[in-house]
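Participant: First, the structure itself, so that you have it in front of you.
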Amino acid sequence: MSGFHPTDLIREVKARPGIYNKDFLDTPPREHKRRLWLEVAENLTPTEDWESYTDVEKEARVDEISTKWKHMKDHFYREIKLQEAGEAHKKRKYIYFDDMEFMRPFVGYKLPAQNRRRANNKSLESLDDLVSQDTDDLDMDEFLKSTDNLDSRPNSSQQKELPRRSPLKRAVKPTPKALQNKSNIKPVNVVRKTPETNNNPSFKIRDGDISFCLSLVPTLRKLGDGRKLRAKIEILKVLHRYVEHLERRNLVNRQNHHNATQSANNIDDDMDEDHLEEYDDNIVKHEQHDDPLNGGGGGGAAGGGNTKTWWT
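Just so we're aligned, residue 1 is where the sequence shown starts under full-length UniProt numbering, counting upward by one.
In structure tokens form, the structure reads like this:
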């Protein structure tokens, strides 16, 4: 997929406030936001390429662009945090900070990891949930670490308002009764089930298919976001082609087996008819041989084929 300049992405997003301000979204908001991202992706992609894309490739293009925007938004928010902490002068300002100034009212403190799940359940209209987590988690971990370090440095006014921490208490030696109660605690079932799970062969032998898939991870991580999505799509296409070929071959085998069975039944019917005709012919020949009128040797000393002797 062809690239695009970040300033073009900023211009397209700024022209669609529904992407960063949910007050401009129609109902349902999630579908409206998806249409806005499709418009952005179409404008940032050459016309001949966009028209040749399948629906899956268009969704991959949207994921690529929305991921890029998320990273740019994280850099913008990080610059704001540095300015608030008085450390912005120590490094060069983010190159697109002035262009993204319109985003200042719409970025804020990101929730910690333990509260992030509950917040995600309340914000269903966020399109960022569709972005793959393999690269975002690494960037967000570094981002959260940097913000935690900044937040761990309170200013002078906060130090005055916070109460002083009480001194550490001396460790108290447990009483004999407490030790006895502790010894009576029964181990949980997880401890007793641990040997059973370790005896499971799946813990000792790794499946060959899983090992092969895991061997592709280092190569995928060397690719950019766009190339990585493109590689995944091509891998799925190859697997789909082989699965479709296998299903087609199984269908042909079933048809051949059905035709062979039907042909064998027809051959058995023909053999039965031939056998009945041969049996009827043998009966007729036997009757003709025993009939004295036809010169058969049915009895008497003159059975040599002379019918005249039999009448005499």
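Here a beta-carbon is modelled for each residue, glycine too, at the ideal position from N, C-alpha and C.
1) Within 10 angstroms of its Cβ, does residue 15 collect 16 or more other Cβ (buried), or is it exposed?
2) My assumption, with CB atoms under 8 Å, is that residue 106 sits in contact with residue 20. Please give the rounded CB distance.
3) Would you call the stretch 43-50 and the stretch 67-79 in contact, with 3 or more CB pairs under 8 Å?
4) The alpha helix (DSSP H) that contains residue 77, what's its start and end?
5) Please work out which residues of its chain come closer than 7 Å, Cβ to Cβ, to residue 62, disregarding the five sequence neighbours upstream and downstream, and give them in chain order.
6) Determine the closest residue to residue 57 out of 13, 211, 229, with distance taken between C-alpha atoms.
7) Are residue 94 and residue 79 touching if we call contact CB-CB under 7 Å?
8) If you count every other CB in all the chains shown that lies within 10 Å of the CB of residue 12, and 16 or more means buried, which is it?
9) What separation, rounded to the nearest whole angstrom, lies between the Cα atoms of residue 262 and residue 28?
10) Evaluate residue 225 with the Cβ neighbour count: other Cβ atoms within 10 Å of its Cβ, from every protein chain shown; 16 or more gives buried, anything less gives exposed.
11) At the level of alpha carbons, what is the spacing between residue 77 and residue 227?
12) Does residue 234 pass the burial test, meaning 16 or more other C-beta atoms within 10 Å, or should it be called exposed?
13) For residue 24, which of helix, strand or coil comes out of DSSP?
14) Can you give the Cα-Cα distance for residue 23 and residue 72, rounded to whole angstroms?
15) Return the residue from the list 35, 211, 33, 44 that minimises the CA-CA distance to residue 10.
16) Could you tell me which of 18, 237, 30 sits nearest to residue 54, measuring between CA atoms?
17) Which class does residue 17 belong to by DSSP, given the choice of helix, strand or coil?
Facilitator: By the coordinates alone:
1) exposed
2) 5 Å
3) no
4) 55-84
5) 37, 38, 41
6) 229
7) yes
8) buried
9) 58 Å
10) buried
11) 27 Å
12) exposed
13) helix
14) 22 Å
15) 44
16) 237
17) helix
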